[in-house]
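Chains as they are written, first to last, in UniProt numbering: chain W, 1 to 241; chain G, 1 to 241.
Virtual Cβ for every residue (Gly too), placed ideally from N, Cα, C.
Being a predicted model, the structure only gives us computed values, none of them experimental.
Working notes, beginning with the structure itself.
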DNA sequence: GGCGCCGCTTGATCCAGGTCAAGGCGATGC
DNA sequence: GCATCGCCTTGACCTGGATCAAGCGGCGCC
């Protein structure tokens, strides 16, 4: 009983509830005993925007769950051209199971809270708890679906469609602050430069497209960050979802 | 013993050997008994280029292994713009575990041999053979890595770099016919239109870039299909790998 | 043989989005 | 208050790749 108490006193259960909320994340698949075991090796960190969590060249020795904030996954060409290849929202899992190096950089796009644990202890648990492996498999498949969706966007959509698609993505993922009959407000977790790197565009083009959406009365923007979409259906039509 | 004989007389072991060769595919993870079980529901098909194996809107009720040829995975916008989001070579696995519909179309790019089996029987085996689930998990992670690599290509590379990257991909995956000290020959499994849909370009641009590579003495092309790369290193440099 | 079709190449022109440059504006520091 | 900095917007211009159009060569068919 002491052990159970221990779990509930720790912050793990909160994490797990968050994971359950979207049927992703790691912890929901573990038994209380495994949670306690894992919590021994767990470190929660709060990091500033711009902090590199996993670097391109690193060997990976830890996994992490995103508890709050947004993490961008990037790839960079030798000459510096950069592409964001994924965005991780809470309670997504960060890491590349079954492989030593990642070929991808993970960087905090906003202030981020992560719950990190060593690769070895999670890998051990995967072999013990098949449900856990299944969860990770599911997340990989979801990320694959998303990556392929963005391949279509990057390969075939116009700048206007890309920006609308991006706003649609954030409207779905970022915790909406206000929502009522087709209207929705949220804070952009990314700078214009990040948005450009995500959409394969330049800062200027992103800015112009946002201006256009504003002038067309589809959105309002305050302080360059806070966006209100007046009609999500119209936005979807622009995005060619 | 009759059973074992049965396995070796069927074509399954060949398939399995092919799978093993690249540590992908499904069958290597099964016990002989499971193989026999699976082989009961297995149908081998030889299909023409252009045959749709899985359609966008379909509910998925079967999986398949690619035995020979190349299958293209495509996504299409309502107005017809198309993007190839993945190429499956033997012995890749086709299908989307844990989900009813695919959001992706799978179409034979060349003449293709596939080994198909009903989703239900494989799903049953996944729960019995953890190693099998693990294989599928690995393939999903590999495909994710590839998809993200192509996101970088689609978002940030020039037409010249994209075409070089594509040739490099085929040189690695398509069975090389001749290879010696940096020189390599192969048949393109895709038409110019397919290449364009893969690279987010137009037919004309692909054609012009191939002409440029030819004039620069990096490649030779016969009958629009057969390509010889004279210096793989040089090609890689053009591709900005 | 001749004809049409298909896949590909090549040339001429156009334009969406990139590049370059000049501010605007809020935050931070002196 | 003023200077600096980071982030964003806007305008002017340029260009890589799209679009439009013509033609070529192999192949199947009448």
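Original post:
Under the rule that 16 or more other beta-carbon atoms within 10 Å means buried, what is residue 226 (chain W), buried or exposed?
Top reply: Locating residue 226 (chain W) in the first chain gives position 226, counting from the first residue. It counts as exposed.
Subject >> Cross-chain neighbours of residue 103 (chain G) in chain W, by beta carbon under 7 Å >> reply: The residue you call residue 103 (chain G) lines up with position 103 of the second chain. Against chain W, a Cβ distance below 7 Å from residue 103 (chain G) picks out 145.
**OP:** Please say whether residue 64 (chain W) and residue 94 (chain W) have beta carbons closer to each other than 7 Å?
**Re:** As a first step, residue 94 (chain W) is located in the first chain; it is residue number 94 there, counting from the start. As a first step, residue 64 (chain W) is located in the first chain; it is residue number 64 there, counting from the start. For residue 94 (chain W) and residue 64 (chain W), yes; Cβs fall inside 7 Å.
Original post:
With C-beta atoms as the reference, is residue 68 (chain G) less than 7 Å away from residue 168 (chain G)?
Top reply: For the purposes of this step, residue 68 (chain G) is taken as the residue at position 68 of the second chain. For the purposes of this step, residue 168 (chain G) is taken as the residue at position 168 of the second chain. Not a contact, by the Cβ cut-off of 7 Å.
Original post:
By Cβ distance, which residues of its chain are closer than 8 Å to residue 158 (chain G), with the 5 residues on each side in sequence left out?
Top reply: Residue 158 (chain G) sits at position 158 when you count from the first residue of the second chain. Taken in chain order, the list of residues that qualify is empty.
Original post:
Between the segment 78-93 of chain W and the segment 186-199 of chain W, do three or more beta carbon pairs fall short of 8 Å?
Top reply: With the cut-off at 8 Å, the segment 78-93 of chain W and the segment 186-199 of chain W touch.
Subject >> Residue-chain proximity (residue 223 (chain W), chain G), Cβ-Cβ < 7 Å >> reply: Taking the first residue of the first chain as position 1, residue 223 (chain W) is located at position 223. Not closer than 7 Å to any Cβ of chain G, the Cβ of residue 223 (chain W) fails to qualify, so no.
Original post:
Can you name the start and end residues of the alpha helix (DSSP H) that residue 215 (chain W) belongs to?
Top reply: On the first chain, residue 215 (chain W) is found 215 positions in, with the first residue counted as 1. Per DSSP, residue 215 (chain W) belongs to the alpha helix (DSSP H) from 203-215.
**OP:** Can you say whether residue 48 (chain W) is buried or exposed, counting buried as having 16 or more other CB atoms within 10 angstroms of its CB?
**Re:** Position 48 of the first chain, counted from the start, is the residue given in the question as residue 48 (chain W). Under this definition residue 48 (chain W) is an exposed residue.
**OP:** Step through the CB atoms of chain W and report whether any lies within less than 7 Å of the CB of residue 49 (chain G).
**Re:** Locating residue 49 (chain G) in the second chain gives position 49, where the first residue counts as 1. It does not; no Cβ of chain W falls within 7 Å.
Original post:
If residue 52 (chain W) and residue 112 (chain W) are in contact, beta carbons under 8 Å, what's the gap, nearest whole angstrom?
Top reply: The residue labelled residue 52 (chain W) in the question sits at position 52 within the first chain. The residue labelled residue 112 (chain W) in the question sits at position 112 within the first chain. In fact, because the Cβ distance is near 11 Å, the residues do not count as touching under 8 Å.
Subject >> Length at least 3, wholly inside the segment 71-144 of chain G: the beta strand (DSSP E) runs in chain order >> reply: 82-89, 105-108 and 112-118
Subject >> Partners in chain G for residue 81 (chain W), counting only beta-carbon separations shorter than 7 Å >> reply: Along the first chain, one-based indexing puts residue 81 (chain W) at 81. Near residue 81 (chain W) (Cβ distances below 7 Å), the residues of chain G are 156.
Original post:
Candidates W:43, W:118 and W:97: which alpha carbon is nearest residue 134 (chain G)'s?
Top reply: As a working mapping, residue 134 (chain G) is identified with position 134 in the second chain. Per the Cα distances, W:97.
Subject >> residue 185 (chain G) burial status per 10 Å Cβ neighbour count (16 or more: buried) >> reply: Numbered from 1 along the second chain, position 185 holds the residue referred to as residue 185 (chain G). Looking at its Cβ environment, which holds 16 or more other Cβ atoms inside 10 Å, residue 185 (chain G) is buried.
Original post:
Which residues, in chain order, does the segment 165-187 of chain W contribute to contact with chain G at a C-beta distance below 8 Å?
Top reply: From the segment 165-187 of chain W, no residue has a Cβ closer than 8 Å to chain G.
Subject >> Reference residue 234 (chain W); option with closest CA among W:211, W:161 and W:144 >> reply: Your numbering for residue 234 (chain W) matches position 234 in the first chain. Proximity to residue 234 (chain W) across W:211, W:161 and W:144 peaks at W:161, based on C-alpha coordinates.
**OP:** Return the CA-CA distance between residue 50 (chain W) and residue 41 (chain W), expressed in angstroms with no decimal places.
**Re:** Counted from its first residue, the first chain places residue 50 (chain W) at position 50. Counted from its first residue, the first chain places residue 41 (chain W) at position 41. Rounded to the nearest angstrom, the two C-alpha atoms are 25 Å apart.
Original post:
Quick one, which of W:118, W:102, W:80 and W:191 has its alpha-carbon nearest residue 163 (chain W)'s?
Top reply: As a working mapping, residue 163 (chain W) is identified with position 163 in the first chain. Checked all of W:118, W:102, W:80 and W:191; the closest Cα to residue 163 (chain W) is W:191.
**OP:** Quick one: grab the DSSP three-state call for residue 195 (chain W).
**Re:** Counting from 1 along the first chain, the entry for residue 195 (chain W) is found at position 195. Three-state DSSP puts residue 195 (chain W) in a helix.
**OP:** Say whether chain W places a C-beta atom closer than 7 Å to the C-beta of residue 200 (chain G).
**Re:** The residue you call residue 200 (chain G) lines up with position 200 of the second chain. Interface residue, yes.
**OP:** Give every residue of the same chain whose Cβ lies closer than 6 Å to the Cβ of residue 213 (chain G), excluding the five residues on either side of it in the sequence, and list them in chain order.
**Re:** The residue labelled residue 213 (chain G) in the question sits at position 213 within the second chain. Within the same chain, residue 213 (chain G) has close Cβ partners 219.
Original post:
First and last residue of the alpha helix (DSSP H) that includes residue 234 (chain W)?
Top reply: As a first step, residue 234 (chain W) must be located in the first chain, where it is residue number 234. First-last of the alpha helix (DSSP H) with residue 234 (chain W): 232-239.
Original post:
In chain W, what lies closer than 8 Å to residue 75 (chain G) by C-beta?
Top reply: On the second chain, residue 75 (chain G) is found 75 positions in, with the first residue counted as 1. 148, 149, 151 and 152, listed in chain order.
Original post:
Can the beta-carbon of residue 100 (chain W) be found closer than 7 Å to that of residue 59 (chain W)?
Top reply: Taking the first residue of the first chain as position 1, residue 100 (chain W) is located at position 100. Taking the first residue of the first chain as position 1, residue 59 (chain W) is located at position 59. Taking 7 Å as the Cβ cut-off, residue 100 (chain W) and residue 59 (chain W) qualify as a contacting pair.
Subject >> Candidates W:76, W:38 and W:131: closest to residue 156 (chain G) by CA position >> reply: As a first step, residue 156 (chain G) must be located in the second chain, where it is residue number 156. For residue 156 (chain G), the nearest C-alpha among the options comes from W:76.
Original post:
Quick one: what's got a C-beta closer than 6 Å to residue 173 (chain G)'s C-beta in the same chain, skipping five residues either side?
Top reply: As a first step, residue 173 (chain G) is located in the second chain; it is residue number 173 there, counting from the start. Excluding residues within five positions, the ones whose Cβ falls inside 6 Å are 89.
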